[in-house]
Amino acid sequence: MKEEFKVISKLIDEKSRVLDVGCGDGILMEYLSKNKIVDVRGLEISKEKVKKCLSKGLAVVEGDAEFDLKQFPDLSFDYVILSQTLQAFMSPENVIEDLLRVGKKVIVTIPNFGHWKIRVDLLFKGEMPITKNLPYEWYNTPNLHMCTIQDFYNFCNNKGINIFKTISLNGQKISKITPSNLKYKNLISELGIFLLEK
Amino acid sequence: MSNFDKIKSITIKQPLKLDCGKEISNFPLAYETYGNLNEKKDNAILVFHALTGDQFASGQNPVTNKEGWWNYAVGPGKAFDTEKFFVICANVIGGCMGSYGPGTIDPKTNKPIGTNFPVITINDMVNAQHNLLDHFKIEKLFAVAGGSMGGMQVLQFVSNFPNKAKVALPIACTASHSAQNIAFNELGRQAIMSDTNWKDGLYDGKTSNPDKGLAVARMAAHITYLSKKGLQEKFGRNLQERSDLKFGFDADFQIESYLRYQGSVFVDRFDANSYLYITRAMDYFDLTKQHGGNLSKAFKGSKTKFFIISFTSDWLYPTSENKDIVIALNAIGADVGFVEIKTDKGHDSFLLDVPDFLSTIKNYLSTTYININERRI
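Residue numbers (the numbering used here), protein chains in the order written: chain A, 10 to 207; chain H, 123 to 499.
Right, here's the structure in full:
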């Protein structure tokens, strides 16, 4: 079980309605429905992955978040989750706006481009970094809009989005991110998990 | 056709008020079942057939001696696994496989009812089939399923009887019959009605039938069930048992011969008037309009789990129309799954051996059955 999913699960209250955007094979959905009393739905772009989810009996709809989030009414979910997908959208800004419209709370996970290994790679090798979380070459990466934890933090502040909690994930290590340790956490975190509200 | 005595049926005694305003009572509804109803009576699946289907979804149809129309999907170990589930399928009213339809003999005249049969709707069909639940003493169905017109019946059933099915599988269908589909149906009807043997629908069903008209209707419709790519790959410009063109109007091309064959075998098993009535029912289907222009209202408060499936090459009931149903369900927070299956087999995909489609249904149904029982959803 991915540490990230455990963290996400802890952020979610019992008896809530959850939408997992970009739910993939439905691992997080399964984890949530086994460990919590939640009503969880998924949206996924890959036919193969949708079929896997449906084979497991999960309520997953094939669709593209950039177009298909529109069909969900305002505040129709207690939580909307976007796990490591934001960077792949054509317009992350619009997607975040839609997530905040559909969900009362939004959980966003971003692979942190500010991690020291990435910085070192770029600084010394002069090549686009390839890591465990970002395993692609520059020419075949689906990740169009990489950002750092600091970038996303700034983005939320500029947009007037409330950040309730920010959590750093580095390997198995889970820690809180606060305004005072932000610069440091931006250097050592592989993932940043944000709990947001409009 | 013989072996009509092998058809099971119930007689619906209480009056059924039809959408056209007329009332029918004491009429037969023919059905077939597969698998066994368990003690808890919680494993029943009601399957609805499409335009030219009947109650014989699986195995051998005893009247036509042909394979059941959903043989790929219904049977032991198949998508609708009859080792687990009790599958019920009825012939729709208006049909010609033992249910009350235009071919039913009127005891007063000893002739087929013909066009004196009332115009029926998808709503009427579903209301008639609901009687099967009482017949089998089933409180709640595990699932309702069907493709094309069968899918329309699924939607209408769930809308009419919100708490009677735990799972709904509308496949390759629509909530509102499109202008294009009405147009194709009208083409078929005109072919039948312009056959001199049709006689305003009062043919005797023995000596003279509007076979030519019905065959043309079937040929035209059959094209709409396939995709351009599928046709091209299967037939291309291949010639039929000849090395060159014959400069005449025989079937030079394999596709011509194939369509003629489809037309000719169809008339042996289907009644032209049934074709008129059932296509009309499809044309009249507009679940959105039934609910004041808001499709979501059709499913308001429904606890049913929906699983909607469309096919990439289906241009008769395209993904966009199936997705409209998904959108209406999402708008009210219903439990809905949706996938578009990639295939070149066109609208007919739901009847054919499309492994992705069949395996996803099989897994979905078996997992959901377990989930519902364990978690008591």
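Cβ coordinates follow ideal geometry from the N, Cα and C atoms, glycine included.
Does any residue of chain H bring its CB to less than 8 Å from the CB of residue i?
i      : result
A:E71  : yes
A:I76  : According to the sequence displayed, residue 76 of chain A carries Phe and not Ile. False, the Cβ-Cβ gap to chain H never drops below 8 Å.
A:K168 : no
A:S6   : This structure does not reach residue 6 of chain A, given that chain A is present from 10 up to 207, and the question cannot be answered.
A:G31  : no
A:S64  : yes
A:S18  : no
Apart from the five residues just before and just after residue i, which ones in its own chain have a Cβ nearer than 6 Å to its Cβ?
i      : result
H:I146 : L138
H:M123 : Note that H:M123 scores 49 on pLDDT, short of 50, meaning its location in the model is unreliable; the coordinates nonetheless yield the value given after this. Answer for H:M123: V185, listed in chain order.
H:F173 : Reading the sequence as shown, one finds Leu at residue 173 of chain H and not Phe. Within the same chain, H:L173 has close Cβ partners M271 and I400.
A:V59  : E53, V69 and E71
H:T226 : I235
A:K174 : L204
H:Y491 : none
H:Y222 : F149, P150 and I215
H:V266 : L168, V276, F279, A287 and A290
H:D478 : I463
A:V47  : S25, V27 and L41
Would residue i pass as an interface residue toward chain A - the criterion being a Cβ-Cβ separation below 8 Å?
i      : result
H:T482 : yes
H:F375 : no
H:T296 : no
H:T489 : yes
H:Y153 : no
H:V280 : no
H:V266 : no
H:I293 : no
H:N495 : no
H:N183 : no
H:D113 : Chain H is shown from 123 up to 499; residue 113 of chain H falls before or after that span and cannot be answered.
H:Y222 : no
H:N165 : no
H:Y380 : no
H:I449 : yes
H:Y194 : no
H:R498 : Any reading at H:R498 must be qualified, since the residue scores a pLDDT of 47, below 50, and its modelled position is unreliable; the value itself is stated next. So no, H:R498 is outside the interface.
H:M123 : Unreliable positioning characterises H:M123 in this predicted model, as indicated by a pLDDT of 49, which lies under 50. A coordinate reading is not provided.
H:K288 : no
H:N485 : yes
So residue i and residue j are in contact, right, with Cβ under 8 Å, and what is the actual spacing, rounded?
i      : j      : result
A:E75  : A:C62  : Actually they do not touch by this definition, with Cβ atoms about 20 Å apart.
H:F429 : H:G459 : 5 Å
H:A166 : H:I260 : 5 Å
A:S177 : A:K192 : No, A:S177 and A:K192 are not in contact; Cβ-Cβ is about 12 Å, not under 8 Å.
A:L213 : A:P120 : Only positions 10 to 207 of chain A appear in the structure, and residue 213 of chain A is not among them; the question remains open.
A:S25  : A:Y88  : 6 Å
H:V241 : H:C142 : 5 Å
A:K45  : A:I17  : In fact, because the Cβ distance is near 11 Å, the residues do not count as touching under 8 Å.
Are the C-beta atoms of residue i and some chain D residue less than 8 Å apart?
i     : result
A:V59 : The structure shown contains no chain D; the protein chains it does contain are A and H.
Which residues in the same chain as residue i place their Cβ atom closer than 8 Å to its Cβ, once the five residues preceding and following it in sequence are excluded?
i      : result
H:Y347 : L438, G468, H469 and D470
H:G190 : F178, A179, S180, G181, Q182, N183 and V196
H:D256 : none
H:R364 : D374
A:K56  : E71
A:E146 : M137 and I139
H:N193 : A179, S180 and G181
A:V111 : L28, L78, F81, P82, D83, L84, S85, F86 and V89
A:L153 : Q96, A97, F98 and M99
A:E206 : L109, K113, K114, V115, I170, N171 and F173
A:K185 : K174, T175, I176 and S177
Just to check, is the beta-carbon of residue i closer than 7 Å to a non-hydrogen atom of the ligand ATP?
i      : result
H:N238 : Although the ligand ATP was asked about, the structure shown includes no ligands whatsoever.
If I measure Cβ to Cβ from residue i and keep anything under 7 Å in the same chain, skipping five residues before and after, which residues do I get?
i      : result
H:A343 : F306 and G310
H:G220 : F126, I129, S131, P150, A152 and N213
A:D73  : I54
H:W320 : I314, P332, G335 and A394
H:A377 : With the sequence shown as reference, residue 377 of chain H is identified as Ile, and Ala is not the correct amino acid for it. Within the same chain, H:I377 has close Cβ partners L353 and F357.
A:S198 : N121, H124, I158, S177, L178 and N179
H:Y486 : F429
| request: Would you list, in chain order, the members of the segment 452 to 470 of chain H that have their beta-carbon closer than 7 Å to a beta-carbon of chain A? | output: Going along the segment 452 to 470 of chain H in chain order, one finds N452, A453, G455, D457, V458, G459, F460, V461, E462 and K464 with a Cβ nearer than 7 Å to chain A.
| At least 3 beta-carbon pairs within less than 8 Å: the segment 433 to 450 of chain H vs the segment 152 to 165 of chain H | The answer is no - the segment 152 to 165 of chain H does not touch the segment 433 to 450 of chain H, with fewer than three Cβ pairs under 8 Å.
| Between the segment 78 to 102 of chain A and chain H, which residues of the former have a C-beta closer than 7 Å to a C-beta of the latter? | Of all residues in the segment 78 to 102 of chain A, only Q80, F81, P82 and S85 come within less than 7 Å of chain H when Cβ atoms are compared, listed by chain position.
| request: For the segment 74 to 90 of chain A and the segment 140 to 147 of chain A, state whether three or more C-beta atom pairs, one from each stretch, are separated by less than 8 Å. | output: The way I'd put it, the segment 74 to 90 of chain A doesn't touch the segment 140 to 147 of chain A; fewer than three beta-carbon pairs between them come closer than 8 Å.
| task | Select from the segment 33 to 57 of chain A all residues with a C-beta closer than 7 Å to any C-beta belonging to chain H, and list them in chain order. | result | Residues K56.
| Proximal residues, the segment 426 to 444 of chain H versus chain A, C-beta separation under 8 Å | Only those residues of the segment 426 to 444 of chain H whose C-beta falls short of 8 Å from the nearest C-beta of chain A are listed: K427 and F429.
| query | Quick check: the segment 23 to 34 of chain A against the segment 89 to 105 of chain A, are there 3 or more CB pairs under 8 Å? | reply | Enough Cβ pairs lie closer than 8 Å, so yes.
| task | For the segment 341 to 362 of chain H, enumerate the residues whose C-beta is nearer than 7 Å to any C-beta of chain A, in chain order. | result | Per Cβ criterion, the list is empty.
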